[in-house]
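What follows is a single structure, written as structure tokens, with notes after it.
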Amino acid sequence: MSAATQTARRPAGRGLATVAVRNAPLLLGLGVLLLFLLWTRVDIGGNWSSVRSKPLFLANQLMLYMLVAIGLNLISGYVGAASIGHIALYAIGAYSVAILTTKHGWGFWPALLAGGLIAAAASLPVGLILLRLSGWYFSVITLLLVVVVNDLEIQKAGLTGGGAGIFGLTMPHLFGHALDLRGYLYLLIAVNVAVFLLLRHLVERSRWGRAFVAVRDVEPAACAVGVHPFLVRESALALSAFIAGLAGGLFAPLPGTINPDSFPIIDSIFFLLAVLAGGFGTTAGPVVGMAVLFSLPQVLAEQPSLRRYSFLVYGLVLLLLVIFLPEGIVGGVQRLWRRLTGRAAYDAYEVAGAESGADAERDPRVAAMGLGALATLAGLRRLAPSGARSGTAARPAGASAEVLPATPPTLAADGAAGSVAAAEANGAVLSAPAPAALRILGEQAGTDAEFALESIDIRKSFGDAIALDGVTLRVRPGTVHAVIGPNGSGKTTLLNIASGFYRQDAGQIRVFGRRVARGRPYRAIRHGLARTFQTQQLLPELTVLENVMLGCHARGRVSMLDGMLPLPHVRRERRRFHATALDCLDLVGLGRGIAETPAGLLPFAHQRLVEIARALAGRPRVLLLDEPASGLHAGEVQAFASLVRSLRQAGLTVVLVEHNFGLVSELADTITVLDAGAVLAEGDFETVRNDPRVVEAYLGA
Amino acid sequence: MNSFLTDVFIPALGIGALYGLVGISFNLIFAPAGTFNFAQGQIVMLGGLLALSFYQQNGWPVLLALVAVMAIGAAVALAEERIAVWPALRRDPHGIGWVLSTLAVFTIIQNLAILQWGTTPQNVKSFPALSVSRHDVFGLQVAPYHFGVLLIAIAITVALYLFARRSAIGRATAAVAQDRDAAALRGVNVRLVISLGFVMGGALACLTGMLAAPLTLATVNVGLTFTFRGFTAAALGGMGDNTGALTAGLALGLMEQLTLRYWQGGYVNLVILLALLGLLLVRPEGLFGQAVPRRV
Numbered sequence: 001m002s003a004a005t006q007t008a009r010r011p012a013g014r015g016l017a018t019v020a021v022r023n024a025p026l027l028l029g030l031g032v033l034l035l036f037l038l039w040t041r042v043d044i045g046g047n048w049s050s051v052r053s054k055p056l057f058l059a060n061q062l063m064l065y066m067l068v069a070i071g072l073n074l075i076s077g078y079v080g081a082a083s084i085g086h087i088a089l090y091a092i093g094a095y096s097v098a099i100l101t102t103k104h105g106w107g108f109w110p111a112l113l114a115g116g117l118i119a120a121a122a123s124l125p126v127g128l129i130l131l132r133l134s135g136w137y138f139s140v141i142t143l144l145l146v147v148v149v150n151d152l153e154i155q156k157a158g159l160t161g162g163g164a165g166i167f168g169l170t171m172p173h174l175f176g177h178a179l180d181l182r183g184y185l186y187l188l189i190a191v192n193v194a195v196f197l198l199l200r201h202l203v204e205r206s207r208w209g210r211a212f213v214a215v216r217d218v219e220p221a222a223c224a225v226g227v228h229p230f231l232v233r234e235s236a237l238a239l240s241a242f243i244a245g246l247a248g249g250l251f252a253p254l255p256g257t258i259n260p261d262s263f264p265i266i267d268s269i270f271f272l273l274a275v276l277a278g279g280f281g282t283t284a285g286p287v288v289g290m291a292v293l294f295s296l297p298q299v300l301a302e303q304p305s306l307r308r309y310s311f312l313v314y315g316l317v318l319l320l321l322v323i324f325l326p327e328g329i330v331g332g333v334q335r336l337w338r339r340l341t342g343r344a345a346y347d348a349y350e351v352a353g354a355e356s357g358a359d360a361e362r363d364p365r366v367a368a369m370g371l372g373a374l375a376t377l378a379g380l381r382r383l384a385p386s387g388a389r390s391g392t393a394a395r396p397a398g399a400s401a402e403v404l405p406a407t408p409p410t411l412a413a414d415g416a417a418g419s420v421a422a423a424e425a426n427g428a429v430l431s432a433p434a435p436a437a438l439r440i441l442g443e444q445a446g447t448d449a450e451f452a453l454e455s456i457d458i459r460k461s462f463g464d465a466i467a468l469d470g471v472t473l474r475v476r477p478g479t480v481h482a483v484i485g486p487n488g489s490g491k492t493t494l495l496n497i498a499s500g501f502y503r504q505d506a507g508q509i510r511v512f513g514r515r516v517a518r519g520r521p522y523r524a525i526r527h528g529l530a531r532t533f534q535t536q537q538l539l540p541e542l543t544v545l546e547n548v549m550l551g552c553h554a555r556g557r558v559s560m561l562d563g564m565l566p567l568p569h570v571r572r573e574r575r576r577f578h579a580t581a582l583d584c585l586d587l588v589g590l591g592r593g594i595a596e597t598p599a600g601l602l603p604f605a606h607q608r609l610v611e612i613a614r615a616l617a618g619r620p621r622v623l624l625l626d627e628p629a630s631g632l633h634a635g636e637v638q639a640f641a642s643l644v645r646s647l648r649q650a651g652l653t654v655v656l657v658e659h660n661f662g663l664v665s666e667l668a669d670t671i672t673v674l675d676a677g678a679v680l681a682e683g684d685f686e687t688v689r690n691d692p693r694v695v696e697a698y699l700g701a
Numbered sequence: 001m002n003s004f005l006t007d008v009f010i011p012a013l014g015i016g017a018l019y020g021l022v023g024i025s026f027n028l029i030f031a032p033a034g035t036f037n038f039a040q041g042q043i044v045m046l047g048g049l050l051a052l053s054f055y056q057q058n059g060w061p062v063l064l065a066l067v068a069v070m071a072i073g074a075a076v077a078l079a080e081e082r083i084a085v086w087p088a089l090r091r092d093p094h095g096i097g098w099v100l101s102t103l104a105v106f107t108i109i110q111n112l113a114i115l116q117w118g119t120t121p122q123n124v125k126s127f128p129a130l131s132v133s134r135h136d137v138f139g140l141q142v143a144p145y146h147f148g149v150l151l152i153a154i155a156i157t158v159a160l161y162l163f164a165r166r167s168a169i170g171r172a173t174a175a176v177a178q179d180r181d182a183a184a185l186r187g188v189n190v191r192l193v194i195s196l197g198f199v200m201g202g203a204l205a206c207l208t209g210m211l212a213a214p215l216t217l218a219t220v221n222v223g224l225t226f227t228f229r230g231f232t233a234a235a236l237g238g239m240g241d242n243t244g245a246l247t248a249g250l251a252l253g254l255m256e257q258l259t260l261r262y263w264q265g266g267y268v269n270l271v272i273l274l275a276l277l278g279l280l281l282v283r284p285e286g287l288f289g290q291a292v293p294r295r296v
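The listed protein sequences correspond, in order, to chains A and B.
Numbering-wise (our numbering), the first sequence opens with residue 1 and increments by one.
Numbering-wise (our numbering), the second sequence opens with residue 1 and increments by one.
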């Protein structure tokens with residue numbers, strides 16, 4: 001068992017050293033703050049409560065902005081919807097606290113909570129835009145929100161004090177003591193650390209982190225594994241808005257008076273700028289970015305000669321960052337770190353796998369240069385269920401001999417033979433999945449429905465074009481059912497309707513007798529229906545394991561609120577997903593060795609297998625495969641065929657939409673031929689092949 | 001009734017036509033590039049301020065001023081496309097890079113305009129035949145300005161329609177709007193089409209700013225308002241649909257005038273935002289746009 005696999009087995013990563021390393025940026029930041037506090041104690045003397053003690057006031061301000069940035073990163077970094085409206089949410093929080101405390105006699109703390117909740121509530125109608133429109137619409141609407149909130153601040157003078165604003169806010173009391181600026185700073189630091197840790201836990205330790213990124217980058221795949229994209233976006237926005245409202249509420253007592261000028265739109269752009277500088281979608285990004293950039297507005301405001309250029313400076317910095325450092329400081333450092341540390345398997349993979357491995361098997365010239373054997377070797381290692389990563393670094397590949405084929409890879413001297421050997425090897429590995437791996441399909445038995453999947457009289461047209469004209473298809477449980485037909489015959493449309501991505505005009509889809517709601521792709525997996533896509537839908541930056549764990553999403557119970565806390569059931573769920581994902585990697589023949597490799601580095605054929613593993617991780621009863629063999633070469637197609645056979649053996653129902661007639665003839669128990677949106681013929685391979693209409697449709701006789 | 005016509009309806013036509021034109025200028029960029037230009041309102045604002053300098057202060061003939069203003073608008077938008085939009089768009093067309101970079105251009109233009117013109121709103125005298133003061137027209141006391149702007153907006157919409165249908169580059173733009181990759185495969189120079197979209201969008205935005213100046217005053221503060229209204233017109237009309245944008249712009253003008261008359265000016269933005277949100281929830285493709293099936 002390699003070291004990497006062992007680490008993978010221990011997801012919690014206990015041990016003081018590990019905890020220290022993981023929290024290094026946090027500890028470093030707290031250290032700097034501590035030094036700052038010591039310095040201000042020396043520097044300022046006793047006069048801490050005065051707003052004039054500028055360093056302390058600014059430190060408070062920095063903590064508030066950092067809080068907003070941490071929240072902003074959630075919706076704009078992880079979920080990918082850039083909000084220009086966070087200053088409005090901040091203002092809403094501040095005004096809520098000001099109004100509730102000065103006019104309604106509320107205490108500060110309940111008013112603060114109300115401020116956060118009101119900001120979250122205000123964000124919800126804006127988030128509705130994400131229901132059916134893309135992210136940039138959301139960005140514009142959030143910009144409009146800032147304008148409208150500013151209007152209302154001025155207009156509703158009875159409530160907000162109009163242009164003059166609200167005066168006379170006092171610093172809150174905590175445990176009976178009035179907080180001075182220093183005490184307040186401690187409080188804000190504590191809030192920042194708490195929010196940072198909660199969100200980090202949510203993103204890194206719960207199923208929601210993967211769901212966020214999937215919704216951002218591969219929405220169809222997110223739906224297919226049971227993530228409801230809109231609910232995820234809307235909840236992330238509400239959480240982000242709550243944090244912004246909280247920060248605004250905490251801000252209100254600091255200056256003691258707030259007015260519409262306290263919340264200029266440029267601050268919204270500054271928040272985005274800071275998160276961008278740190279790195280969107282990285283946990284430390286907003287903290288680092290805000291720490292680096294916070295002095296910028298101060299410097300610009302202090303220098304009379306520079307003050308006039310402050311917008312210009314923001315704009316130029318923003319522009320330069322977008323063009324030259326779009327991943328931000330933290331993102332850039334992470335990339336550099338990956339390059340430098342070059343974990344053994346990662347490098348070996350990048351060199352042998354991604355380049356020669358994929359190409360040499362196709363390109364005879366590369367093979368002739370003697371790389372064929374190397375490529376084959378790499379291929380075998382990748383397919384070995386365990387020990388692959390250590391094999392590349394220190395141990396010979398033969399270490400995992402119990403699953404390797406008898407043919408020694410070194411015999412594959414020339415390229416062509418190498419490919420054949422690889423194909424056989426794939427077959428050998430794939431036809432005998434580890435018994436442990438088949439566990440995940442163990443729930444297949446015990447259903448008494450006559451059909452696994454039924455499409456009953458499905459009709460669908462796009463505008464004037466009729467795509468499906470009453471297609472009825474019945475798939476028996478435990479069979480491989482192929483749907484073939486010429487281009488434009490409606491195969492993929494049918495698959496998209498069955499999995500809920502398209503809404504049929506008429507007709508029903510039933511899975512094991514249960515009717516599936518129209519046009520709700522995120523529900524399909526709950527009916528036991530999983531699918532893959534024609535185009536790659538992986539998250540290339542995430543590891544193979546994380547990608548497959550995304551497939552477990554629908555089997556999770558951890559809510560977004562629970563996901564923020566290190567609760568036992570959150571840890572249990574993660575362990576469970578982890579084990580399932582590893583089993584799925586075994587099952588598709590990729591093995592556990594590549595679990596920690598970034599998915600984007602795998603060759604094409606293996607990315608396909610990762611997608612199948614992800615589909616299997618949802619423990620489906622019916623698996624829909626959309627042209628799984630396109631782009632694979634002969635050896636890979638054979639390996640794939642063995643995989644499908646073993647899945648069928650395990651009781652899974654497989655529906656195959658495919659062009660490759662050879663593969664279909666070999667695998668399918670039943671074949672349905674579609675032509676021009678209708679069923680042309682159905683039956684086993686011999687029946688279909690001898691049907692004159694099929695011959696006509698295919699050969700154009 | 002007459003006062004409704006002269007105080008609400010007819011001003012709504014003129015102002016609405018301006019909003020429609022900004023909406024169309026968004027469309028000209030959106031169709032080929034698939035991006036929304038957050039700096040567009042600032043280019044409109046620039047048009048008004050340039051008109052102030054050229055036409056009002058330097059006394060240039062109105063046509064010369066018009067050509068110069070449009071040329072500068074085109075140049076600014078082209079520079080924006082080359083420097084800010086294309087690098088981000090090429091890296092990731094679906095990411096938030098271009099949102100941030102056009103926001104950057106928004107702040108840069110804002111600052112440069114303040115440095116050049118200051119923040120005090122200034123009056124720009126009406127253009128010939130586009131007087132903003134009221135005259136007796138068919139027995140009604142109205143400003144010819146509103147009719148003139150409406151006619152210009154209709155003429156531009158028709159011209160753009162013909163351009164899109166009849167000219168090769170117009171058809172190429174439509175092809176890029178529909179499927180960028182397929183258009184590129186068929187030999188369309190996508191980069192050029194996108195640049196042209198920005199050039200036309202920038203020129204039209206600046207022209208609109210100049211047209212608006214006698215009414216709104218020339219000031220650095222109108223940018224955000226025009227972004228607000230122009231986007232709303234474009235989105236309500238259906239992104240990419242110019243006739244829709246003009247129609248929606250007129251509806252917005254009416255909505256604004258009604259709010260001003262029967263409620264308060266401070267609520268205009270609120271009313272428009274609520275109307276926009278409500279409509280987009282029911283019809284995300286806008287009033288006149290066509291539903292596009294999602295690709296899987």
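Glycine residues also receive a C-beta, built at the ideal position from the N, C-alpha and C atoms.
Closer than 8 Å at the beta carbon, the chain B residues around residue i
{"i": "A/Ser455", "result": "Near A/Ser455 there are no residues of chain B at all, since even the closest Cβ is about 17 Å away, more than 8 Å."}
{"i": "A/Leu319", "result": "Ile83, Ala84, Ser101, Ala104, Val105 and Ile108"}
DSSP-derived helix/strand/coil call for residue i
{"i": "A/Arg555", "result": "helix"}
{"i": "B/Leu217", "result": "coil"}
{"i": "A/Gln536", "result": "coil"}
{"i": "A/Leu625", "result": "strand"}
{"i": "A/Ile92", "result": "helix"}
{"i": "B/Gln141", "result": "strand"}
{"i": "A/Val351", "result": "Legend: pLDDT at A/Val351 = 44, less than 50; position of this residue unreliable, value from coordinates given subsequently. If DSSP states are grouped into helix, strand and coil, A/Val351 belongs with the helices."}
{"i": "A/Thr653", "result": "strand"}
Within chain A, partners of residue i - CB distance below 9 Å
{"i": "B/Gly266", "result": "Asp151, Leu152, Ile154, Gln155 and Lys156"}
Chain-ordered neighbours of residue i on chain A, where CB pairs are closer than 8 Å
{"i": "B/Gly97", "result": "Val322 and Pro326"}
{"i": "B/Leu277", "result": "Pro125, Val126, Leu128, Ile129 and Ile141"}
Residue range of the beta strand (DSSP E) that includes residue i
{"i": "A/Phe462", "result": "Leu453 to Phe462"}
{"i": "B/Thr227", "result": "Careful: B/Thr227 lies outside any beta strand (DSSP E), inside the alpha helix (DSSP H) at Val222 to Gly237."}
Chain-ordered chain A contacts of residue i [CB-CB under 7 Å]
{"i": "B/Gln110", "result": "Phe311"}
{"i": "B/Phe228", "result": "Leu144 and Val147"}
{"i": "B/Pro87", "result": "Ile323"}
Inter-residue Cα distance where the pair is residue i and residue j
{"i": "A/Val213", "j": "A/Glu546", "result": "11 Å"}
{"i": "B/Ile108", "j": "B/Pro144", "result": "36 Å"}
{"i": "A/Thr580", "j": "A/Thr492", "result": "29 Å"}
{"i": "B/Gly170", "j": "A/Ser461", "result": "29 Å"}
{"i": "A/Val232", "j": "A/Val558", "result": "13 Å"}
{"i": "B/Arg90", "j": "B/Gly97", "result": "10 Å"}
{"i": "B/Leu246", "j": "B/Gly20", "result": "4 Å"}
Residues that residue i contacts on chain B, provided the C-beta gap is smaller than 9 Å
{"i": "A/Arg308", "result": "Asn111, Ile114 and Leu115"}
{"i": "A/Ser76", "result": "Ile96"}
Top-ranked residue by Cα proximity to residue i, from the options
{"i": "A/Gly519", "options": "A/Arg22, A/Phe512 and A/Gly507", "result": "A/Gly507"}
{"i": "A/Gly80", "options": "A/Gly127, A/Trp337, A/Val655 and A/Phe533", "result": "A/Gly127"}
What residues from the region 116 to 136 of chain A come within 9 Å of chain E, judged by C-beta to C-beta, listed N to C? The chain labelled as chain E is not found among the protein chains of the depicted structure, namely A and B.
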